[in-house]
Amino acid sequence: MPRRNRYYILGVYALLLALSAGFSIKIYHDSRALYGETVALIEQDLPILGSLSNLRANVVAQEPILYEYYATTDRARFRQRWQGNRQLVAELGTKIRRDFPGHPRLLVVDDLNREVDALSLELDRLLGAKPVDWDEARALLEEISLHAVEINANLDRLAEDVHGRVDSKASAAQMRVDTINWTALFYSGAMFLLAIAAGYLINSYLAGARERRRLAMFAERNPNPVMNLDAAGGVLYANPAAHSTLATLGYNAGPLTLLLPSDMPARLESMLTEGLATRQWNYTALGREYETTLQYLQDFEYFNAYLVDVSGRKEAERRMEYLAEHDPLTDLPNRRRFIEDIRREIANGRLGAVVLLSIDRLRAIVDGVGHGVADQLLQAVAQRLLRSLADCTDQCSNAHLYRFEGAVFGLLLPCLETEQTPEQITRKIARDFESPIHADNQAFFLGVSIGASLFPTDDGDAVNLISHADRALQQVKQRGGGGYRAYDRDLSIQAAERLALEGDLRHALERKELFIQYQPQVEVASMRIVGVEALLRWRHPTRGLISPAQFIPLAEASGLIVPIGAWVLETACAQAQAWHTTGLPRITMAINLSARQFATEDLARDIAQVLSQTGLPPQFLELEVTESMAMDDVERSIRILRAMKDLGACISIDDFGTGYSSLAYLRRLPIDKLKVDQSFVRNLENDPGDAALVLSVVQLGHSLNLSVIAEGVETLGQLEFLRGTGCEEIQGYYFSRPLDSAALETLLGSGIAAFQA
Ligand code: C2E
Ligand code: MG
Ligand code: MG
66 MPRRNRYYIL GVYALLLALS AGFSIKIYHD SRALYGETVA LIEQDLPILG
116 SLSNLRANVV AQEPILYEYY ATTDRARFRQ RWQGNRQLVA ELGTKIRRDF
166 PGHPRLLVVD DLNREVDALS LELDRLLGAK PVDWDEARAL LEEISLHAVE
216 INANLDRLAE DVHGRVDSKA SAAQMRVDTI NWTALFYSGA MFLLAIAAGY
266 LINSYLAGAR ERRRLAMFAE RNPNPVMNLD AAGGVLYANP AAHSTLATLG
316 YNAGPLTLLL PSDMPARLES MLTEGLATRQ WNYTALGREY ETTLQYLQDF
366 EYFNAYLVDV SGRKEAERRM EYLAEHDPLT DLPNRRRFIE DIRREIANGR
416 LGAVVLLSID RLRAIVDGVG HGVADQLLQA VAQRLLRSLA DCTDQCSNAH
466 LYRFEGAVFG LLLPCLETEQ TPEQITRKIA RDFESPIHAD NQAFFLGVSI
516 GASLFPTDDG DAVNLISHAD RALQQVKQRG GGGYRAYDRD LSIQAAERLA
566 LEGDLRHALE RKELFIQYQP QVEVASMRIV GVEALLRWRH PTRGLISPAQ
616 FIPLAEASGL IVPIGAWVLE TACAQAQAWH TTGLPRITMA INLSARQFAT
666 EDLARDIAQV LSQTGLPPQF LELEVTESMA MDDVERSIRI LRAMKDLGAC
716 ISIDDFGTGY SSLAYLRRLP IDKLKVDQSF VRNLENDPGD AALVLSVVQL
766 GHSLNLSVIA EGVETLGQLE FLRGTGCEEI QGYYFSRPLD SAALETLLGS
816 GIAAFQA
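In the numbering used here, the protein residues as written are 66 to 822.
Below is the structure:
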């Protein structure tokens, strides 16, 4: 209870006691006085009135006794009656004198009575004499009567005095009673007011007590440990949660200070010296992390300590922080950390490299094996990369690997000695990727495309360095993927050039800068031209002839390939039909489809329209789709290829062998022909590996009931080898370069359409 309230209540009690005592004394005193007055009235004054009345009656009674004596002269009777009367008068007189001692009227009455006595004796003597002097006796009787009248008059006056005294005592008693009444009333009123005041105080005290109890329960029922500590860190109080926490941690008998940091006294002291009322800090005790708020209560001179076990929250925070900066699949730090780490290393000022590694054709693998296996594969890739890096500690002791989204990994190579180190390290990585990586009991042969930028050589911030590395990586990919390229400023220049070229390409069609060349395809058995491949050409007004390898990706990226592709389709088909109608040998027209074209939903409809417009029978149209296009979304490819086949056209897989083909899917594709990529043909005479590969592709094609054509045949040796494999057709400079329509027409019409080996 607050001290002030206690004083109030004590004050009220003291006042009550003093008032009660005062009033009691007053009432006691007044009652005693009233009692005295009443007793005097009853015991004294009222009996006096009775005595006076009796005395009066006896005085009156004297006369008849005397007159009877006078009349009868019966002395014996007179004496008996008279003495009785005189005795009563004497007794009453004594009594009255006792109550009214020395009253002047009483003295008068006494004198008169003595005279009456004397007169009665005289009368007795007269009446006893012989003869009786009757006149004298009568005179005596008259005198006695006068005395009696006088006595009674005095007695009446005395009675009046007594009445006066009784009246004054009665009014005094009345006043006394009134005083007592008022006192009692005042006392009751005072008590009533005091009771209200006390009630109010008691009520507020009870409310205070309730509040204190409630506040006490706050600590008692708090699920977190709460303690009161003295300045030395000793525990003055600990709530049940503190005890149960200690017990839960297996320290049943241990002191509660185990829950506090060991340097608690020092911390409390520093709080006091710094004059801080509250302080909060985190610490670890008994293997748990606590967040504690200390509060100094100056009026009580102790500390409140509120402990919260934040182990779970901290763990979650750490997890969140970890996830914010890590890839959950591989546990590698992510792009965000990559950027931060690059920034830190740039600030170091030492030579370093930002490297991006992209796993080639991962999309196709995901489609082939599903996400579950692809995830396992990515984890295995991460492990392989880490192992490769571990082998390169000589060149870079603290290389760090990161995973970006999809198939891309980041590599930070700080503190390098030479600018060649990134290439050496990535070459080692590429070598390590030559052996298969296993996931879900399957072996995968993967290629990596690698782009790098250097700091401080290639200036720019972390994000720029990553985009430089990415540009280098895209260059590698554009060249078919696999390999390493470092960023150089030229890449940026090339990018600017690309942009300019793309602008020019927009007008190439309308300015008739595009044209088509046709490269013969020869049947090995007959050595006759059985078809041609339409190859697009761009004669740039200032740059001259530009290779499709250069501008097709531009057209692809900008979307221009769609109108250009449609133009090629229409022009080539019209050309084939024109040759047919002029009576030249009926040959097949092979047309390359771009990825973008292949992705358009209306492709089959467009082709059908071109066929009907040009009149070319569908069996003379062959559509070339690259392996990567066909494998990108196999189900979709099957649908689109099926639609084209339903038109009656042939389908061939271009650049076969350069991409990842799942045999299972290849079998499902509705295709007619495999085109062995020229990169294998080029070296087959020198490289037994390539020769074996070409042989196996031909055999694979035959096993799938497909015909096989080899591209890029430049020598007789290559031709002979291919003939040996059973390859059906060949195409290449050995027979003919791509030719203008007129030149091809001449070749076809010259009658030397069949080549002699
Ligand atoms: P591709 O479809 O694989 O075409 C074959 C490429 O090999 C052509 O290059 C051709 O000139 C070249 N070639 C043919 N025989 C030999 C040889 O014996 N030795 C060497 N070294 N090369 C030979 P080109 O014409 O530069 O075309 C490059 C690529 O551009 C084509 O590769 C094709 O993917 C694409 N392309 C060409 N025209 C078109 C087109 O109209 N539409 C689309 N979408 N792509 C086209
Ligand atoms: Mg082709
Ligand atoms: Mg090809």
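In this text, a Cβ means the ideal position worked out from N, Cα and C, and glycines have one as well.
DSSP places Gly158 inside the alpha helix (DSSP H), whose first and last residues are 140–164. In summary, Asn246 is exposed, with fewer than 16 beta-carbon neighbours lying within 10 Å of its beta-carbon over all protein chains present. Residue pairing for Pro398: DSSP places it in a beta bridge opposite His391. Distances between the C-beta of Asn529 and the heavy atoms of ligand 2 are all 6 Å or more.
The beta carbons of Pro487 and Asn413 sit about 17 Å from each other, so the pair does not count as a contact at 8 Å. The continuous stretches of beta strand (DSSP E) do not include Asp221, which lies in the alpha helix (DSSP H) extending over residues 199–286. Under the DSSP definition of a beta bridge, Val513 partners with Ile424. Sorting Asp459, Gln448, Gln460, Glu482 by C-alpha distance to the C-alpha of Leu466 places Gln448 at the top.
DSSP places Ser702 in the uninterrupted alpha helix (DSSP H) bounded by 699–712. Distances between the C-beta of Glu689 and the heavy atoms of ligand 2 include at least one below 6 Å.
Judged by DSSP in its simplified three-state form, Ser717 adopts strand. Judged by pairs of C-beta atoms under 8 Å, the segment 118–126 touches the segment 150–159, as three or more such pairs exist.
For ligand 3, the residues with a Cβ under 5 Å from any of its heavy atoms are, in chain order, Asp719, Asp720, Glu776. If you look at Lys740, you'll find it in the beta strand (DSSP E) that goes 738–741.
When Cβ pairs closer than 8 Å are counted between the two stretches, the segment 249–264 is seen not to touch the segment 322–337, the count staying below three.
Between Ala565 and the set Ala620, Asp523, Cys792, the nearest pair of CA atoms involves Ala620.
Sequence-distant Cβ neighbours of Tyr371 in its own chain, meaning closer than 6 Å and more than five residues away, are Val291, Thr358.
Contact between Ile92 and Ala249 holds: CB atoms are separated by about 7 Å, below the 8 Å threshold. Annotated three-state conformation of Arg593 is strand, per DSSP. Within the DSSP bridge table, the entry for Trp346 names Thr357 as partners. Taking one beta carbon from each stretch, the segment 132–150 and the segment 181–200 have 3 or more pairs nearer than 8 Å; the two touch. When beta bridges are read from the DSSP output, Thr691 appears opposite Asp719. Boundaries of the alpha helix (DSSP H) around Glu133: 111–137. Between Pro585 and Phe800, the beta carbon gap of about 6 Å places them in contact (Cβ cut-off 8 Å). Around the beta carbon of Ser677, a 10 Å sphere encloses fewer than 16 other beta carbons of the protein chains shown; the residue is thus reported as exposed.
Of all alpha-carbon atoms in Ile216, Arg278, Val633, the one lying nearest the alpha-carbon of Leu172 is that of Ile216.
With the rule of 3 Cβ pairs closer than 8 Å, the segment 422–429 counts as touching the segment 504–520. Set against 6 Å, the gap from the CB of Tyr552 to the closest heavy atom of ligand 1 is not smaller.
For secondary structure counted as the beta strand (DSSP E) over 3 or more consecutive residues, the segment 406–483 holds these complete runs in sequence order: 417–424, 465–468, 473–478. DSSP places Phe368 in the uninterrupted beta strand (DSSP E) bounded by 367–374. For Phe616, the enclosing alpha helix (DSSP H) has its first and last residue at 613–623.
The C-beta of Ala389 has fewer than 16 other C-beta atoms within 10 Å across all chains shown, which makes the residue exposed.
Annotated as proximal: Leu634 and Val675, with beta-carbon spacing under 7 Å. Comparing C-alpha distances from Ile407 to each of Gly525, Arg747, Gly264 shows the shortest one belongs to Gly525. Here the segment 99–110 makes no contact with the segment 175–190; the two share fewer than three CB pairs at distances below 8 Å.
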